[in-house]
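> As numbered in our numbering, residues 211 to 423 make up the sequence shown, in order.
Got a structure for you, written out below as structure tokens; questions coming shortly.
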Amino acid sequence: DLSLASYVLEPVYSVPDVSSSATTKLFRSLANGIQQNAQVWINIWNWDDSTSIKSHMASNGTPLTNYRFFKNAGNSFWYRDCGPVAFYFGDNDFIALMDFEYYGGRPLDDKLPIQIGAQAGFPVYTTTIEYEGGNILVDGLGTLFTTDAVYSLNQDTYGLYYETNNTRGWTYQTKQSLTNQQVKDSLTHVMNLSRCVVLPQLQYDGGTGHIDL
């Protein structure tokens, strides 16, 4: 497979962006908006990073008041896609977390649901379905809206990549290729759906195929 032959795992680093950029302003607004109604969760790589983030938020008039920091290494910053998916269960609406398989080239991100679940004290249920949070839209009444990008993600047979000491520097897990019906049946089962609506992905969405676009 030519795509696998040319694959390279690059080293990753983390430095909190506390600049005045438009992206930082956006995430600052998101954090402040979330904490008005729920605890905002912020994942960092080093505990010292929390100091600069809290200082940045306060100096811009949006101090953190309802928050929790988690310390985990990662490959990206958009945890809507790779983070845990929460759901209610039982008569008392207990919270648990769903852990889907993430992009093959981001093994650190793929570990986040299990790590955050352990740190937050929530049970985690893992499935080998490759899926991203940005392609999940539920109505709370048993219906999932998603796009057919979830089908293509589960048609290949290679999974997560890991660094090794072999000649190419990495290896990957293999997985079973799934038919569209198997994917749909699996999502219906693990998410306890009464209806699974699969829509065609947008043609010009940057390549993600996500329903949130």
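Built from N, CA and C at the ideal position, the CB exists for glycine as well.
Just the C-alpha distance for C292 and S262, rounded to the nearest angstrom, thanks.
Position 82 of the sequence shown holds residue 292. Position 52 of the sequence shown holds residue 262. Each residue's Cα considered, the two are about 25 angstroms apart.
> Just the Cα atoms here: how many angstroms apart are Y368 and G416?
Translated into the one-based positions of the sequence shown, residue 368 becomes position 158. Translated into the one-based positions of the sequence shown, residue 416 becomes position 206. Each residue's alpha carbon lies about 23 angstroms from the other.
> In the DSSP assignment, the beta strand (DSSP E) including F299 goes from what residue to what residue?
Translated into the one-based positions of the sequence shown, residue 299 becomes position 89. V295 to F299 is the extent of the beta strand (DSSP E) around F299.
> In whole angstroms, give me the CA-to-CA distance for R278 and A330.
Here residue 278 is taken as the residue at index 68 of the sequence shown, counted from 1. Here residue 330 is taken as the residue at index 120 of the sequence shown, counted from 1. The alpha-carbon atoms of R278 and A330 are separated by roughly 10 angstroms.
> Going by DSSP in three states, F280 sits in which element: helix, strand or coil?
As a first step, residue 280 is located in the sequence shown; it is residue number 70 there, counting from the start. The DSSP-derived three-state label of F280 is strand.
> For D422, I'd like the list of residues in its chain whose CB is within less than 6 angstroms of its CB, leaving aside the five on either flank, ordered along the chain.
Taking the sequence shown and counting its residues from 1, one reaches residue 422 at position 212. Answer for D422: G344, listed in chain order.
> Is DSSP giving V348 helix, strand or coil here?
Indexing the sequence shown from 1 puts residue 348 at position 138. Strand, per DSSP.
> Indicate whether L397 and I339 have their beta-carbon atoms separated by less than 8 angstroms.
Residue 397 sits at position 187 when you count from the first residue of the sequence shown. Residue 339 sits at position 129 when you count from the first residue of the sequence shown. Closer than 8 angstroms, so yes.
> Opposite R405 in the DSSP bridges: which residues?
The residue you call residue 405 lines up with position 195 of the sequence shown. DSSP output for R405 lists T353 as bridge partner(s).
> What do you get for Q249, buried or exposed, if any count of 16 or more other CB atoms within 10 angstroms of its CB means buried?
Here residue 249 is taken as the residue at index 39 of the sequence shown, counted from 1. Its Cβ having fewer than 16 others within 10 Å, Q249 is exposed.
> On the three-state DSSP scale, how would you describe L236?
Start at 1 with the first residue of the sequence shown, and residue 236 comes out as number 26. The answer is helix: DSSP assigns L236 an H, G or I state.
> By the three-class DSSP mapping on this structure, what secondary structure does V225 have?
Mapped onto the sequence shown, residue 225 falls at position 15. Note: V225 maps to coil in three-state DSSP.
> What is the C-beta distance between S224 and W255, in whole angstroms, given that I count them as a contact (C-beta under 8 angstroms)?
Position 14 of the sequence shown holds residue 224. Position 45 of the sequence shown holds residue 255. That belief holds up - the Cβ atoms of S224 and W255 are roughly 4 angstroms apart, short of 8 angstroms.
> Give me, in chain order, the residues of the same chain whose beta-carbon lies closer than 7 angstroms to that of Q325; leave out the 5 immediate sequence neighbours on both sides.
Numbered from its first residue, the sequence shown carries residue 325 at position 115. Excluding sequence neighbours, Q325 sits near N282.
> Would you grab the beta carbon distance between Y289 and M308 for me? Rounded to a whole angstrom, and I think it's under 8 angstroms.
For the purposes of this step, residue 289 is taken as residue 79 along the sequence shown, with counting starting at 1. For the purposes of this step, residue 308 is taken as residue 98 along the sequence shown, with counting starting at 1. Incorrect: roughly 14 angstroms between the Cβ atoms, too far for contact.
> For L347, which residues from the same chain have a beta carbon less than 6 angstroms from its beta carbon, with the 5 sequence-adjacent residues on both sides left out?
Start at 1 with the first residue of the sequence shown, and residue 347 comes out as number 137. Hits under 6 angstroms: F355 and I421.
> Name, in chain order, the residues that DSSP records as bridge partners for V334.
Translated into positions along the sequence shown, residue 334 becomes position 124. DSSP lists L307 as partners of V334.
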